[in-house]
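Protein sequences appear in the order of chains A and B.
Per full-length UniProt numbering, the very first residue in the first sequence carries number 1; after that it's consecutive.
Per full-length UniProt numbering, the very first residue in the second sequence carries number 1; after that it's consecutive.
Number of protein chains: 2
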Amino acid sequence: MNLPDNNSFQATLKQRRQKLAETFSEKALLWSGCAPSRNFPANTFLFRASSHFLYFAGLNLENAVIELDSGKLTLFMDNPSPESILWGGEKPSRDQIAATIGADLAYPYSELKNYTGEAATIPISDVGIYQQQCQCLERNIPQPSEATGKDLALIQAIITLRLSHDESAIEQIKQAASVSIKAHQAGMKAAQPGKTEAEVRSAIEQVIMAHNLTCAYGSIVTVHGEVLHNESYSHTLESGDLVLADVGAESVGGWASDITRTFPVNGQFSPTQRDIYDLVLAAHDACIENVAPGVEYKDIHWQAAQVITEGLVNLGILQGNVSDLLAMDAHSLFFPHGVGHLLGLDVHDMEDLGDLAGYAPGRQRSERFGLGNLRLDRALQTGMTVTIEPGFYQVPAILNDKSTREKYGEIINWEQLDRFSDVRGIRIEDDVLATSEGAAVLTASLPCQRNQIEELCDR
Amino acid sequence: MNLPDNNSFQATLKQRRQKLAETFSEKALLWSGCAPSRNFPANTFLFRASSHFLYFAGLNLENAVIELDSGKLTLFMDNPSPESILWGGEKPSRDQIAATIGADLAYPYSELKNYTGEAATIPISDVGIYQQQCQCLERNIPQPSEATGKDLALIQAIITLRLSHDESAIEQIKQAASVSIKAHQAGMKAAQPGKTEAEVRSAIEQVIMAHNLTCAYGSIVTVHGEVLHNESYSHTLESGDLVLADVGAESVGGWASDITRTFPVNGQFSPTQRDIYDLVLAAHDACIENVAPGVEYKDIHWQAAQVITEGLVNLGILQGNVSDLLAMDAHSLFFPHGVGHLLGLDVHDMEDLGDLAGYAPGRQRSERFGLGNLRLDRALQTGMTVTIEPGFYQVPAILNDKSTREKYGEIINWEQLDRFSDVRGIRIEDDVLATSEGAAVLTASLPCQRNQIEELCDR
């Protein structure tokens, strides 16, 4: 581990702690977690600390705990063992780490039990660590959706902080995005008829790995963009296919980027692909145009729905009055997910808290088709970073569903839709920061105009 | 998931079940496990089923359980939910999977509780799944090292089976190895002065990813080969450095390969690097020469120790009589690990069972310096696959240790050792199958002769 040596790193962490202390006056303990093992203990997945820990401690420290108390930071972790130095080389000591992150005190992990008091905490997803938390605090720690009292107060205080990113966070997201952009460009160049999805994915992820970064989430790289969370890479690319690539690097400090581009295998969109691409792009542009502090994110979602519905009516795929179609969620037939989500230390930021971060107090998920998948329903605020990712998909599980056919059969012009069979899935996704001037697209240097995409494909 | 459609897949699985039934007459339940989450539930690491499950079920099925009873196979898993089909696309049903793996019966997961009876099992490393196992069997399942009765009998029966690979397993290891070999070649070509370890690693892993495979373990790609389990990739390669790359792909069916090569950044070994490389290679060749059914693996370890000790005496680094030096573990100063380990579905095969698989009944780890790190102490048998991986390292934690200096100070010619400061770490590792004819090197098509390595580097 290379320790950062600039003062601004420490100042950022200090500021976060002090801000927390302004709204939360009790003691908090945050666990970092441990690397899950891949079948046997010596073979682990790459460790990634809990995001709440990372937010205040800044470093990806395994098996560590921090205590936050009135702006004061105490670190609990063990020094590297002689065994770990023998096998893993020299590592910074607890005191060196404490000095780097500006901890006021530092103790071995075994001391933690003497400092727990009545601390609040947030549960870790790993069951083993969660049980350590419960044992240490001598109580059953509720899941975030069930949290009450000081635990809930801590969650709310942290949400308030993490909803608006500070300069350091934005810098980290930009760094992650800049690598993701190069990665996507490599993917567009690598995609050729006859290659496999796995080969394109490898070209993309190689760039991220070459920058010594990891992916913030499992990459989607597929000619079957209609499979929204596609996790397989086995298809061979054919001329006429579109590749949907949803890939984002994570910065050194753990901040996520999240970008989707859809591009033609042979370097040229077909006329039908062009029509739908431009429609999705129009929705994307309209949404970004609307991003500004104070704007309700749900309205941006509806903005996408409106543009998509109008476009599909113009293309003759949907039939009827646009407002009626929107009212009956006809757009969700082809755009079944939300227009985006919070972006931060998690790609779906703070989703470990259920909907507590994504949904403003008092709000909850809709029961409506499509709208129920919206992950964010809050007013935007300065420093908030969200994805904007409208899409169009022909999902068999939706379009062939009997009850869907009964409800929506009449408003779809199936014959016309058949003409668009070479458009299985298109999504265009950027990372957008709400600023006092409106919107800053952090991923803007990766073009999304149709002709620019064709140029990047460079066949 | 693409289901395999050949009969030999099913026949292999059936044969494994029947062989188990020959030595284990009770009922066994094996859990596959689940993908650990990366901070929040929707962001998971890539799922890898437990190896014992995979051995008998053949497919990487998440949240599944198999019952093995007198050669009969029952599968417990849920059909894909409508939600998972909407987001993840069409997936094979339970019945399709059951037909593919030749299961006699198949039930939803919820039915499992009605079929547990007095079954034996092997605990899963994931704590959440482990607790499901205990709950389901209504007893506290001991860790393998504490297992007794039917659990221990099951473990022993499975070890007996998995120690000797069948044809299908060997074919899978060969497939994994063939991709690893291409990956290593790409790494040798990519390494140039000024590039980073991360860039070389990305060139290597890209090949594995492009074949739609994963790594069997975290790659080691470093100019600091003396850090035995180096997990960082931040150094810049300089002319004169050696790169140590320990990288292995895992086959579609989950079988591991494990290869190490050490090569010069500038394409040419220095005279001192040559001396040590040839010494490690001599140990490597001598060990492989000795692999055959009936040979004690520990003797192969000592063979490596002997060649290394002789070589270091010849180079003037160690001083004294070879037998005396071996008796005092002087070789462990520079070769502190074991000469290799079992290779199979796990890169350290069956290491989830502690030393039960690696050590023959009645044997246990030595207390001796270096020898205590030997992972395998059994007689080789036909079908057993092991790594052969001698090495030479200048580990600061060993060589600068005060008590080491006291004990070994006299037998090291420190001045002479200083001349070899450009040899921080060298390891040469191949995967070797014991056959009735002796040894088959499954990774032989990746050369390890010094001049061939220089040719592959192709500067």
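Built from N, CA and C at the ideal position, the CB exists for glycine as well.
query                                                                                                                                                                                                                   : result
Once DSSP output is grouped into helix, strand and coil, what is the label at A256(B)?                                                                                                                                  : strand
Run through chain A and tell me which residues come within less than 9 Å of N2(B), C-beta to C-beta.                                                                                                                    : S232, S234
What's the gap between the Cα of Q10(A) and the Cα of E62(A)?                                                                                                                                                           : 19 Å
Going by CA-CA distance only, name the one from Q192(B), N212(B), A444(B), M209(B) that's closest to T222(B).                                                                                                           : Q192(B)
Quick check: the Cα distance between residue 543(B) and L380(A), rounded to an integer number of angstroms?                                                                                                             : Residue numbering for chain B in the displayed model covers 1 to 459; residue 543(B) lies beyond these limits and cannot be assessed.
Along the chain, where does the beta strand (DSSP E) containing N43(A) start, and where does it finish?                                                                                                                 : 40–44
Once you ignore the five residues that flank F53(A) on each side, which residues in its own chain have a CB closer than 6 Å to its CB?                                                                                  : L30, S32
List, in chain order, every chain B residue whose beta-carbon is nearer than 7 Å to that of L228(A).                                                                                                                    : W87
Going by the CB atoms, is the gap between R368(B) and D355(B) shorter than 8 Å?                                                                                                                                         : no
Run through DSSP, which three-state label would R459(A) get?                                                                                                                                                            : coil
Do you know how far the Cα of I388(B) is from the Cα of Q185(B)?                                                                                                                                                        : 20 Å
Does the segment 242–255 of chain A come close enough to the segment 322–335 of chain A that 3 or more CB-CB pairs lie under 8 Å?                                                                                       : no
Taking Cβ positions only, does residue 524(A) come closer than 8 Å to chain B?                                                                                                                                          : There is simply no residue 524(A) to check, as chain A begins at 1 and stops at 459 in what is shown.
Would a C-beta distance cut-off of 8 Å place A203(A) and G187(A) closer than the cut-off?                                                                                                                               : yes
Given a cut-off of 8 Å, decide if L326(B) and A304(B) are closer than it, judged by their beta-carbon atoms.                                                                                                            : no
Going by Cα to Cα distance, which pick from H224(B), V65(B), P82(B), V247(B) is closest to L446(B)?                                                                                                                     : V247(B)
Of all the residues that make up the segment 36–58 of chain A, which are near chain B by a beta-carbon distance shorter than 8 Å?                                                                                       : P36, S37, R38, N39, F40, P41, A42, N43, T44, F45, L46, R48, S50, S51
Please specify which runs of the alpha helix (DSSP H), each continuous and at least 4 residues long, are wholly inside the UniProt domain "Aminopeptidase P N-terminal" (8–135) of chain A, giving them in chain order. : 51–57, 82–88, 94–101
What first and last residue would you give for the beta strand (DSSP E) that runs through D431(B)?                                                                                                                      : 430–435
State the Cα-Cα distance for the pair L374(A) and G358(A), rounded to the nearest angstrom.                                                                                                                             : 9 Å
Determine the chain B residues that contact H224(A) at a beta-carbon separation under 8 Å, and present them in chain order.                                                                                             : G89
Along chain C, which residues have their Cβ under 7 Å away from the Cβ of E351(A)?                                                                                                                                      : No chain C is present in this structure, whose protein chains are A and B.
Use the C-beta contact count for R17(A): other C-beta atoms within 10 angstroms, 16 or more gives buried, fewer gives exposed.                                                                                          : buried
Along the alpha helix (DSSP H) that carries L281(A), what are the first and last residues, could you check?                                                                                                             : 271–290
Ends of the alpha helix (DSSP H) at R405(B)?                                                                                                                                                                            : 402–408
Output needed for S239(A): all residues of its chain with C-beta closer than 8 Å, excluding positions within five of it in sequence on either side, in chain order.                                                     : P193, V265, N266
Can you give me the C-alpha to C-alpha distance between V386(B) and I300(B), rounded to a whole angstrom?                                                                                                               : 11 Å
For E205(B) and chain A, any beta-carbon pair shorter than 8 Å?                                                                                                                                                         : yes
Would you tell me roughly how many angstroms separate the C-alpha atoms of A42(B) and I411(B), rounded to the nearest one?                                                                                              : 57 Å
Just the Cα atoms here: how many angstroms apart are N314(A) and W414(A)?                                                                                                                                               : 15 Å
Quick one: list the residues of chain A neighbouring A348(B), beta-carbon separation under 9 Å, in chain order.                                                                                                         : Reading off the sequence, residue 348(B) comes out as His, not Ala. The answer, in chain order, is F40, A42, N43.
Tell me the DSSP bridge mates of I426(A)?                                                                                                                                                                               : F392(A)
When the cut-off is 8 Å and only beta carbons count, does R16(B) lie next to chain A?                                                                                                                                   : no
In the DSSP output, which residue or residues are listed as bridge partners for G438(B)?                                                                                                                                : T435(B)
May I ask which residues mark the beginning and end of the beta strand (DSSP E) holding V243(A)?                                                                                                                        : 242–247
Express the C-alpha separation of Q143(A) and E437(A) in angstroms, rounding to a whole number.                                                                                                                         : 38 Å
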